[in-house]
Amino acid sequence: MATLNVQIGFAKNADCVELAKLSRDYIESGLHWRWKPARLLKLIQHPDCVVITARQELSIQAFAAMEFYPRHCHLNLLATKPEFRQQGLGEALLLWLEASARIAGQEFIKLEVRCQNTAAIRFYESRGYAIQEQCVGYYDGREDAFTMVHRLMSDEQAAQRP
Ligand SMILES: CC(C)(COP(=O)(O)OP(=O)(O)OC[C@H]1O[C@@H](n2cnc3c(N)ncnc32)[C@H](O)[C@@H]1OP(=O)(O)O)[C@@H](O)C(=O)NCCC(=O)NCCS
Numbered sequence: 001m002a003t004l005n006v007q008i009g010f011a012k013n014a015d016c017v018e019l020a021k022l023s024r025d026y027i028e029s030g031l032h033w034r035w036k037p038a039r040l041l042k043l044i045q046h047p048d049c050v051v052i053t054a055r056q057e058l059s060i061q062a063f064a065a066m067e068f069y070p071r072h073c074h075l076n077l078l079a080t081k082p083e084f085r086q087q088g089l090g091e092a093l094l095l096w097l098e099a100s101a102r103i104a105g106q107e108f109i110k111l112e113v114r115c116q117n118t119a120a121i122r123f124y125e126s127r128g129y130a131i132q133e134q135c136v137g138y139y140d141g142r143e144d145a146f147t148m149v150h151r152l153m154s155d156e157q158a159a160q161r162p
């Protein structure tokens with residue numbers, strides 16, 4: 001992994017427009033734009049969500065958003081700007097989120113990814129995420145998704161949870 005000279009921290013309210021555009025261009029490209037600025041702002045402000053950015057000085061290079069449920073976390077969004085890819089930023093954001101999920105005692109992290117997005121699928125597989133099922137027509141009724149899961153504790157540990 002290349003040496004990172006970025007700061008990872010919580011997104012600010014004012015980031016919602018840029019993050020929504022990153023989602024539109026790099027995550028939802030070719031699909032109906034669902035993650036618009038107002039929805040990103042709600043996520044940034046929601047107590048059960050974390051939205052984080054990787055920045056160099058003021059410039060956002062990558063971001064991620066995850067929601068916390070009682071037993072698991074759902075990774076909603078993750079993108080690195082094309083010019084900063086394969087330098088370890090996606091992994092750094094994922095490690096940050098996984099650490100926060102572990103501290104919260106979550107059993108697993110779940111996400112959906114477009115079946116055609118082989119780069120992201122390889123990225124998640126390299127980080128210990130496994131394909132669970134295929135959801136036909138998940139995106140706008142015309143593109144399939146894979147759900148992927150990363151377990152944070154063993155079945156035995158999960159069974160002992162209160
Ligand atoms: C998927 C994505 C977030 C990865 O971000 P990144 O910053 O490039 O990832 P990293 O540099 O941390 O990669 C970590 C590891 O993942 C794997 N990986 C990353 N990109 C890959 C690719 N295009 N093909 C194969 N493996 C890849 C590699 O094993 C890599 O380790 P290495 O660099 O030591 O070989 C990025 O490609 C992206 O933004 N894609 C568009 C948006 C998207 O698809 N988001 C995910 C769906 S929500």
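Taking the working numbering, the leading residue of the sequence shown gets 1, the next gets one more, and so forth.
Note that CB positions come from ideal geometry on N, CA and C, so glycine has one too.
Just so we're clear, the structure is a prediction, and the values are computed from it rather than from any experiment.
Check Lys42 in the structure and name its three-state DSSP category.
-> Three-state DSSP puts Lys42 in a helix.
State whether the stretch 101 to 109 contacts the stretch 145 to 157, with contact taken as three or more CB pairs (one from each stretch) at a distance under 8 Å.
-> The stretch 101 to 109, when compared against the stretch 145 to 157, does touch it at the 8 Å Cβ threshold.
On the three-state DSSP scale, how would you describe Ala11?
-> coil
As assigned by DSSP and simplified to three states, the class of Cys16 = helix
Inter-residue Cα distance where the pair is Tyr124 and Ala130 | 8 Å
What does Ile103 pair with, by DSSP beta-bridge criteria?
-> Bridge partners of Ile103: none, in fact.
Inter-residue spacing [alpha-carbon to alpha-carbon] between Leu41 and Cys16 | 5 Å
Between which two residues does the alpha helix (DSSP H) containing Glu125 stretch?
-> 118 to 126
Alpha-carbon spacing of Arg39 relative to His46, whole angstroms | Cα to Cα, Arg39 sits roughly 10 Å from His46.
Please classify Glu57: does DSSP put it in a helix, a strand, or coil?
-> coil
Return yes when at least one heavy atom of ligand 1 lies under 8 Å from the C-beta of Arg114, else no.
-> yes
Indicate the three-state DSSP secondary structure (helix, strand or coil) for Asp144 in the structure shown.
-> Asp144: strand per DSSP, three-state reduction.
Just reading off the beta strand (DSSP E) that Gln160 is part of, what are its end residues?
-> For Gln160, there is no enclosing beta strand (DSSP E), as DSSP gives it neither H nor E.
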